[in-house]
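Numbering (the working numbering), first residue to last: -10 to 180. The next block holds one structure in the form of structure tokens; read it before the comments.
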Ligand SMILES: [Mg+2]
Ligand SMILES: [Zn+2]
């Protein structure tokens, strides 16, 4: 359970992308075009609830497929633009996407490193770890949030593709839920 004081001061929700908003591809494969971007059930509604609660919604995503030349930054932007259009039809919005396009050990922005958080702060200077929460489906997401002083929610996602580190992530996170929709329920209705 999140401490109620934290809860009430919550301003920004950081979301991982793959496995939270859209179906995660099998390990080692990447979403490279819109046709492969399968929005998970309940996602537009869950995002709209966060919007209506006055919370900022920011996506932070490792996209190593760009470094591996499986897709380009323009492909990723184009997928996000189509996703934004789909969300708009449900009255939902993501305030910003921040992407690490790099391979491992080459930057300071591949989660769990904090670079994407600093990019978000550069865009929205009132963002602070203490008034943010991170929702993700991998250990790197939970470590990212914890290092920055955020509360964290681990989403278990597809139990047929349990990621390495998932057990540890579930233990480290403040909460564990089955989907973004359930995580949002926990944030907005459970006290
Ligand atoms: Mg993920
Ligand atoms: Zn990076």
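Cβ atoms here follow ideal geometry from the backbone N, Cα and C, with glycine treated the same way.
Exposure label - residue i; buried when at least 16 CB within 10 Å
| i | result |
| --- | --- |
| residue 125 | buried |
| residue 71 | exposed |
| residue 163 | buried |
| residue 119 | exposed |
| residue 90 | buried |
| residue 60 | buried |
| residue 115 | exposed |
| residue 141 | buried |
| residue 52 | buried |
| residue 175 | buried |
| residue 81 | buried |
CB of residue i within 8 angstroms of CB of residue j, strictly
| i | j | result |
| --- | --- | --- |
| residue 49 | residue 100 | yes |
| residue 170 | residue 41 | no |
| residue 121 | residue 139 | yes |
| residue 85 | residue 112 | yes |
| residue 46 | residue 75 | no |
| residue 68 | residue 28 | no |
| residue 6 | residue 64 | no |
| residue 136 | residue 92 | no |
| residue 166 | residue 159 | no |
| residue 127 | residue 104 | no |
| residue 8 | residue 134 | no |
Interface flag, residue i vs chain B, CB-CB below 8 angstroms
| i | result |
| --- | --- |
| residue 127 | Looking for chain B here will not work: only one protein chain is present. |
Whole-angstrom C-beta distance between residue j and residue i, which should lie under 8 angstroms
| i | j | result |
| --- | --- | --- |
| residue 44 | residue 1 | 7 angstroms |
Original post:
Near ligand 1, which residues have their beta-carbon less than 7 angstroms from any of its heavy atoms, given in chain order?
Top reply: 5, 6, 7, 8, 9, 13, 125, 126, 127, 130
Original post:
Listed in chain order, which residues are found with a beta carbon closer than 5 angstroms to a heavy atom of ligand 2?
Top reply: After applying the 5 angstroms Cβ criterion, the set is 89, 91, 96, 98, 99.
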